[in-house]
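Written below as structure tokens is the structure these notes are about.
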Amino acid sequence: MIHTFSLNNMYFAVDGNSGSVHMLDELSFRLLSEMQELVPLESVIGIIRDKEKNGASFSGNPDAKPVAAYSYEEIEEAYSEIKELKEQGLLFTGPQEIEKAVSIKNMPDSIKALCLHVSHDCNLTCEYCFASKGDYKSGRKLMDRDTALKAVDYLVENSGSRKNIEIDFFGGEPLLNFAVVKDVVDYGRELEKKTAKKFCFTITTNGMLLDDEKIRFINEYMDNVVISIDGRKDIHDSIRRDRSGRGTYDRIVPLVQKLVNERKGKSYYIRGTFTSRNMDFSNDVKHLASLGFREISIEPVVGSGDELFIKDDDVPHILSEYEKFAVEYAKSVQEGRNSFNFYHFNINLYEGPCIYKKIAACGAGFEYFAVSPEGFLYPCHQFVGQNEFIIGDIINGINNTKLSDSFRRNNILTKEKCTDCWAKLYCSGGCHANAWYSNGDTSVPNETACILQKKRIECAIMIQAAKSNQSVE
Numbered sequence: 003m004i005h006t007f008s009l010n011n012m013y014f015a016v017d018g019n020s021g022s023v024h025m026l027d028e029l030s031f032r033l034l035s036e037m038q039e040l041v042p043l044e045s046v047i048g049i050i051r052d053k054e055k056n057g058a059s060f061s062g063n064p065d066a067k068p069v070a071a072y073s074y075e076e077i078e079e080a081y082s083e084i085k086e087l088k089e090q091g092l093l094f095t096g097p098q099e100i101e102k103a104v105s106i107k108n109m110p111d112s113i114k115a116l117c118l119h120v121s122h123d124c125n126l127t128c129e130y131c132f133a134s135k136g137d138y139k140s141g142r143k144l145m146d147r148d149t150a151l152k153a154v155d156y157l158v159e160n161s162g163s164r165k166n167i168e169i170d171f172f173g174g175e176p177l178l179n180f181a182v183v184k185d186v187v188d189y190g191r192e193l194e195k196k197t198a199k200k201f202c203f204t205i206t207t208n209g210m211l212l213d214d215e216k217i218r219f220i221n222e223y224m225d226n227v228v229i230s231i232d233g234r235k236d237i238h239d240s241i242r243r244d245r246s247g248r249g250t251y252d253r254i255v256p257l258v259q260k261l262v263n264e265r266k267g268k269s270y271y272i273r274g275t276f277t278s279r280n281m282d283f284s285n286d287v288k289h290l291a292s293l294g295f296r297e298i299s300i301e302p303v304v305g306s307g308d309e310l311f312i313k314d315d316d317v318p319h320i321l322s323e324y325e326k327f328a329v330e331y332a333k334s335v336q337e338g339r340n341s342f343n344f345y346h347f348n349i350n351l352y353e354g355p356c357i358y359k360k361i362a363a364c365g366a367g368f369e370y371f372a373v374s375p376e377g378f379l380y381p382c383h384q385f386v387g388q389n390e391f392i393i394g395d396i397i398n399g400i401n402n403t404k405l406s407d408s409f410r411r412n413n414i415l416t417k418e419k420c421t422d423c424w425a426k427l428y429c430s431g432g433c434h435a436n437a438w439y440s441n442g443d444t445s446v447p448n449e450t451a452c453i454l455q456k457k458r459i460e461c462a463i464m465i466q467a468a469k470s471n472q473s474v475e
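Right, dumping it as structure tokens:
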């Protein structure tokens, strides 16, 4: 399927089954916008002329040049270029292009990563927390050292031929169990000497417990760190409060700045969440950048029902905000004055991930698992606490093979809503947990999440084109 869109006075087409992206001139865009398959030129011209007679504007642009103003030779040339792209396998490709490139039976069958829930406790009471203020509705608890090290053993023993494996420290607030975090890292380094494995460690923290010792440790041993700050002080403090009800911005920001300034180029992300209260979230991104943070991600809140969550009526405003922000971002990049990376505007049109990652995304439930403090295995961190999603444990391994197999097969080739979606090779089918919590079915993507993701992909494509100032085919 073909998706066409215009943004920032640029015109694009995406071929959904190959993932190829094309930057177009106005005439080629007009022709291609009327085709889902290559049809005779005269048919396309007739469709466009009929629309123009009925007063339809082109891409919302009332000043667009009518097709009648182009010579037949110009139209024919544009059509020939479209036809040539089809012949090259870059337009009007069918689903078989993906199907012949992959086989479900060849999906990876070894584990690449574990998310260790070292703490089901938190020192904050964030209103939108999917983990029920950190205890996952199961009571506050910490993972003990023995369970944590057995989880590491389980990862190594089930990682197959993979050399690089990952451990993510998560919570709650993982720094509430700092001793176990250190023990796991020490144990991982010992195993590296005995095996052919290389550990990549990541920690997600709210920053409240950072001090000189923890900053030194994180910057030495954590390959990546994710720190939660929601943006402007009033926005952050309205939601991210401590257990006494006080805002946390003034305490967290200086500590995080110190950590980042001493990180010496190692990976990190400042990760925020926007809600219905701050749909002008681009101002939060820019505020975080003004604090000296370069790597920034602001995500839409996940959930429904509460006044914080995104409503259907909010979606047009959010889409407009993404577009406005993308145009500003592209301009700042072109002028050489951009000082930060916005995660959702990053896209690699030239290399990208392998085909299996494109169709199955994070690998939840078969490549990636979350481990609860008790040692139970779940498909991912957002399913922890849901008993129906216990997939096994670190001692006996996966015993619910039916559930694991369902996640392995749950991808863009099998999700009905994804098969005919132009964005499937860029979003990889969306978040299974988001689908479950919104629809009760991991195979049915959240509609609002899909709409927002498609807009972010459009924005990212436009920015990539603006960076190169040339075709992004």
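Sequential numbering of the sequence shown, starting at 3, is according to my numbering. C-beta atoms are modelled at their ideal positions from N, C-alpha and C, and glycine is treated no differently. Computed from a predicted structure; not experimentally measured.
Check	Outcome
Supposed close pair Gly-367, Pro-381 - CB separation, criterion 8 Å	4 Å
Reference Gln-455, options Gly-432, Arg-410 and Asp-443, closest by Cα	Gly-432
Simplified DSSP state of Val-474, which is helix, strand or coil	At Val-474 the pLDDT is 41, less than 50, meaning the model places this residue with poor confidence; the figure from the coordinates comes in the next sentence. Three-state DSSP puts Val-474 in coil, outside helix and strand.
Whole-angstrom C-beta distance between Ile-465 and Ala-332, which should lie under 8 Å	5 Å
Val-386 and Leu-118 closer than 8 Å at C-beta	no
Beta-carbon contacts of Lys-417 that lie in its chain and below 6 Å, excluding the five residues immediately before and after	Gly-431 and Ser-445
Contact the stretch 75–94 vs the stretch 38–50: 3+ CB pairs below 8 Å	yes
Assigned exposure category for Ile-318 - 16 Cβ within 10 Å defines buried	According to the sequence displayed, residue 318 carries Pro and not Ile. By the neighbour-count rule (16 or more Cβ atoms within 10 Å), Pro-318 is not buried but exposed.
Inter-residue Cα distance where the pair is Leu-128 and Glu-192	The question names Leu, but residue 128 is Cys in the sequence shown. Between Cys-128 and Glu-192, the C-alpha separation is close to 37 Å.
Cα-Cα separation between Ser-399 and Asn-160, rounded to whole angstroms	With the sequence shown as reference, residue 399 is identified as Gly, and Ser is not the correct amino acid for it. Rounded to whole angstroms, Gly-399 to Asn-160 spans 9 Å at the Cα level.
Candidates Lys-288, Ser-8 and Asp-146: closest to Pro-176 by CA position	Asp-146
DSSP three-state assignment for Phe-371, whether helix, strand or coil	strand
Whole-number beta carbon distance between Ala-467 and Met-12, since they are thought to touch under 8 Å	6 Å
Nonlocal neighbours in the same chain, by C-beta distance under 7 Å from Lys-139, ignoring five residues either side	Gly-387
Member of Met-25, Tyr-439 and Arg-248 whose CA lies at the smallest distance from the CA of Ser-470	Met-25
Tyr-331, enclosing alpha helix (DSSP H) - first and last residue	317–336
The stretch 282–296 in contact with the stretch 336–352 per 3-pair CB rule at 8 Å	yes
Beta carbon of Lys-114 nearer than 8 Å to that of Arg-164	yes
Any beta strand (DSSP E) of 3 or more consecutive residues that is wholly inside the stretch 376–445	378–380
Spatially closest choice to Leu-293 from Val-258, Phe-283 and Val-182, by CA coordinates	Val-258
Cα-Cα separation between Asp-148 and Asp-155, rounded to whole angstroms	11 Å
Residues that DSSP places opposite Ile-167 in a beta bridge	Phe-201
Phe-283 vs Glu-222 beta-carbon contact at 8 Å	no
Distance between beta carbons of Ile-397 and Asp-152, contact taken as under 8 Å	Contrary to the premise, residue 152 reads as Lys rather than Asp in this sequence. Right, their Cβ atoms sit about 7 Å apart.
Beta-carbon spacing of Gly-274, Gly-233 below 8 Å	yes
Validate contact between the stretch 299–313 and the stretch 261–277 using beta carbons, cut 8 Å, 3 pairs	yes
Strand pairing of Arg-242, partner residues [DSSP]	In DSSP, Arg-242 forms no bridge with anything.
Residue from Lys-200, Ser-134 and Phe-201 whose Cα sits closest to the Cα of Gly-174	Ser-134
Candidates Phe-347, Asn-350, Tyr-81 and Asn-280, of which the one nearest Asp-316 by Cα	Asn-280
Opposing strand residues paired with Asp-17 [DSSP bridges]	Ile-4
Assigned exposure category for Gly-338 - 16 Cβ within 10 Å defines buried	exposed
Within 8 Å, strictly: CB atoms of Leu-178 and Leu-211	yes
DSSP-derived helix/strand/coil call for Cys-128	coil
Where Glu-168 falls, given that 16 or more other Cβ within 10 Å makes a residue buried	buried
Arg-248 - containing beta strand (DSSP E), residue span	Looking at the DSSP string, Arg-248 is not in any beta strand (DSSP E), and its letter there is neither H nor E.
Sequence-distant residues of the same chain with beta carbon closer than 7 Å to Asn-166, five excluded per side	Lys-200 and Cys-202
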